[in-house]
Amino acid sequence: MKRSVPFEIFRYAAIFAALAVTLVPILWMVSMAFKPIGEWSATGADLTWWPKHPTLANFQFVFGHSANDLIVALDHTALKPILSSLLSAVFGTAIAMSAGTAAAYGLSRFGSGQNLPLALIQLRLFPPMAVMIPVMIMWAFLNLNDTWWGLALIYGIVTLPFAFWLMKTFFDDMPREIEEAALVEGCSRLRVFTRITLPMMRGPLASAALFVFILNWSDYLIALLLTTREWVTIPVYMASLSSSMTGQLYGAKAALGLIAAVPPVIMGIAIQRHLVRGLTFGALKQ
Amino acid sequence: MSAVTATISEDKMGTARARPAMRDEGARLGFRLTLPAQLLVLFISAFPLLMQLYISVTDWSPLSGVGWWSAWEMWNSFANYTDLAADTRFWSALQRTAVVMLVCVPAEFLLGLALATLFADDFPGKRIFYSILLMPMMVVPAVAGYMFFMLFQSGGPVNDILSTITGTRVTIAWLSDPTLALIAVMVADIWQWTPLMFLILLAGLVGVPEDQIKAATLLGANPWQRFVTIVLPKMKTIIIIALAIRVIENFKIFDTLYIMTGGGPGVATETISVYIYKVTTQDLIWGYVAAIALAILIVLSIVAVYAMKRMAKTREMPA
Chain S
1059 MKRSVPFEIF RYAAIFAALA VTLVPILWMV SMAFKPIGEW SATGADLTWW PKHPTLANFQ
1119 FVFGHSANDL IVALDHTALK PILSSLLSAV FGTAIAMSAG TAAAYGLSRF GSGQNLPLAL
1179 IQLRLFPPMA VMIPVMIMWA FLNLNDTWWG LALIYGIVTL PFAFWLMKTF FDDMPREIEE
1239 AALVEGCSRL RVFTRITLPM MRGPLASAAL FVFILNWSDY LIALLLTTRE WVTIPVYMAS
1299 LSSSMTGQLY GAKAALGLIA AVPPVIMGIA IQRHLVRGLT FGALKQ
Chain Y
887 MSAVTATISE DKMGTARARP AMRDEGARLG FRLTLPAQLL VLFISAFPLL MQLYISVTDW
947 SPLSGVGWWS AWEMWNSFAN YTDLAADTRF WSALQRTAVV MLVCVPAEFL LGLALATLFA
1007 DDFPGKRIFY SILLMPMMVV PAVAGYMFFM LFQSGGPVND ILSTITGTRV TIAWLSDPTL
1067 ALIAVMVADI WQWTPLMFLI LLAGLVGVPE DQIKAATLLG ANPWQRFVTI VLPKMKTIII
1127 IALAIRVIEN FKIFDTLYIM TGGGPGVATE TISVYIYKVT TQDLIWGYVA AIALAILIVL
1187 SIVAVYAMKR MAKTREMPA
């Protein structure tokens, strides 16, 4: 459809305004991550949108206890929180994806577990805060508090609805001729699933796994309640960075925020095609 | 039980060619494949719910010196529930959650819809703009909270921009003013989740059949009429899904908000999740928290069942 020139001008003006609003908060944090301490809370005329003296001191600080121009030292570096975030998100994704994929196939092909679609949506409906008391008690009982494997387990359950629904729509969409041909050839159903279906679904599996990983990586509340010291994740660690003694460690937090923000943004762009499907529980496909 | 349902539904599908042995094999495999997910669901729903119910009628707290299973010693004959009815902090938190939802979700919807209409046809730069506009929803919410915490400092960039526009030096302390803090928190939520509306609504908009729009144009309908009479009705289901997702997620609002204000100043930005969090970690009266949580779960379940029934009814009607 051809559009008029005034419309095109309006369109670009509106889009550029939206881009500006989208990017300013992100750019401010990126800029802050490279600012030396003197520029952290500069106000008024001194406030600059780009660091005057760009430095890596903030990254040095969060990874190596201290940096030249910072008086305070950290008793914990960011390394362990990053490791904790990675391990819990990766293994949480593994739990959600294996249970979710298997169940999705079981329902899609054999009609097993008819209760699962609704039960899993309900799981997603409830605020995590409203079920955390029993979870905290159970996790304490099972000695899972403040461990990355305890986090991985709850992440796996919390994101199971997404893994299940995504894979279910992928399996539903998949043509069955090849599977049927293999069955006629005398393959067992399990063998068809593991040797034929799963390899064929590599692309969708990867997209779903990335989607689930982003969700796990983004958690704050659950880690806040279930980890205290040893295995805090990046967001929890970040929030604990400032104290009455140090004040707000703007630059250090921004550096950490940048580290936390980069992986999901890149992954999100990589799976853009499947985002709609993932976010709407497969109700919509792009 | 799952195995039984599986066999029945396979029969319904009429796989007459399959030998009985093969059908059984499928049912057995289906049962085994769904078992882990079933167990995980059971593990996180049945037992925790019973435990929650049990604790919610007691004064138990992790500091009370007895294990949760002995909580019956502190039975308080439903006092938690009567307390809840009289808990003004709870009701005002609930009210605040509703206000945030009533502002944020419509704002996100309208902004997302407006953006989506701009992206409905092709134009140079579309793909790169699209990717950039989706970025906020992929930023870790806690990090987004920290971004906006920085932006809204009294000497921060938001005031700097306002100063440039107005020509006078603006030093509003956004996050320490009760009303402004709530606004700041809502701005952050709208920033982060408008992209989700945009994404879903654009997917719906692209799906509207082109020929119907062309036909309407030939009949002399102007763009606004086309939008209201053809595009919106066609997108009805998608709009409902998008709104439902945001309503559900917005009700849980915690991460960004808690990092920005911690629920403060005072209780000015305390939403229901923040309130429960504070009672859980600061007051430590877990019996009471269990009662609140259970009350919320019950109300949400009723709403959900009602909504799903309505949805099922609309689906039965021809599109």
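Top to bottom, those sequences are chains S and Y.
When the letters of the first sequence are read in order and numbered with the numbering used here, they come out as residues 1059 to 1344.
When the letters of the second sequence are read in order and numbered with the numbering used here, they come out as residues 887 to 1205.
Every residue gets a Cβ at the ideal spot worked out from N, C-alpha and C, and that includes glycine.
The region 1305 to 1312 of chain S contacting the region 1050 to 1069 of chain Y, beta-carbon criterion three pairs below 8 Å: no
If you compare alpha carbons, which of Q938(Y), P1119(Y) and V986(Y) is closest to A1154(Y)? V986(Y)
Got a sec? Which residues, its chain only, sit under 7 Å from L970(Y) by beta carbon, not counting five neighbours each side? F976, A1177, I1178 and A1181
Chain-ordered chain A contacts of V1189(S) [CB-CB under 7 Å]: You won't find chain A in this structure, because its protein chains are S and Y.
Chain S contact for T1052(Y) (CB, 9 Å cutoff): no
Can you pull out the residues from the region 1136 to 1165 of chain Y whose beta carbon lies closer than 7 Å to at least one beta carbon of chain S? F1137, K1138, F1140, D1141, I1145, S1159, I1162 and Y1163
Among the residues of its own chain, which have a CB less than 7 Å from the CB of Q938(Y), if the five just before and after it don't count? A1176, A1179 and L1180
Where does T944(Y) fall in DSSP's three states? strand
Can a CB atom of chain Y be found closer than 9 Å to the CB of P1186(S)? yes
Does Y1192(Y) get closer than 9 Å to chain S when you measure Cβ to Cβ? no
Any C-beta of chain S within less than 7 Å: which residues of the region 944 to 967 of chain Y qualify? W954
With 7 Å as the C-beta to C-beta threshold (strictly closer), list the residues of the region 1024 to 1037 of chain Y near chain S in chain order. M1024, V1025, V1026, P1027, A1028, V1029, Y1032, M1033, F1034, M1036 and L1037
Could you spell out where the alpha helix (DSSP H) holding Y1163(Y) opens and where it closes? I1158 to K1164
Identified DSSP bridge partners for W961(Y): T944(Y)
Tell me which same chain residues have a C-beta within less than 8 Å of the C-beta of F1035(Y), skipping the five on either side of it? L1061, I1145 and M1146
Less than 9 Å between the C-beta atoms of W954(Y) and I1195(S), yes or no? yes
Select from the region 1074 to 1089 of chain Y all residues with a C-beta closer than 7 Å to any C-beta belonging to chain S, and list them in chain order. W1077, L1082, L1085, I1086 and A1089
Under the rule that 16 or more other beta-carbon atoms within 10 Å means buried, what is G1150(S), buried or exposed? buried
Using 9 Å as the limit for Cβ to Cβ distance, is M1155(S) near chain Y? no
Please list, in chain order, the chain Y residues whose beta carbon lies closer than 8 Å to that of A1177(S). V927 and S931
Given this structure, state the Cα-to-Cα distance separating C990(Y) from V1270(S), to the nearest angstrom. 25 Å
Whole-angstrom distance between V1242(S) and S1156(S), CA atom to CA atom: 27 Å
So, does the CB of E994(Y) fall closer than 9 Å to a CB anywhere in chain S? no
The region 1124 to 1134 of chain Y in contact with the region 1039 to 1051 of chain Y per 3-pair CB rule at 8 Å: no
Could you give the distance in angstroms between the alpha-carbon of T1135(S) and the alpha-carbon of G1122(S)? 6 Å
List the residues of chain Y whose Cβ lies closer than 7 Å to the Cβ of R1247(S), in chain order. E911, G912 and L915
Chain Y contact residues for K1311(S), given Cβ-Cβ distances below 7 Å: Y1032
Residue-level contact to chain S via CB, A1000(Y), 9 Å cutoff: yes
In this structure, how does DSSP classify Y1278(S) when only helix, strand and coil are distinguished? coil
Using the three-state DSSP reduction, which class does S1156(S) fall into: helix, strand or coil? helix
To the nearest angstrom, report how far apart G1164(S) and F1229(S) are at their CA atoms. 10 Å
Can you tell me where the alpha helix (DSSP H) with V1092(Y) in it begins and where it stops? P1064 to V1092
Taking only beta-carbon positions, decide if M937(Y) is within less than 9 Å of chain S. yes
Let me know if F1074(S) comes out buried or exposed under the rule of 16 or more other beta-carbons within 10 Å of its beta-carbon. exposed
Residue from A1091(S), A1281(S) and A1161(S) with nearest C-alpha to Q1118(S): A1091(S)
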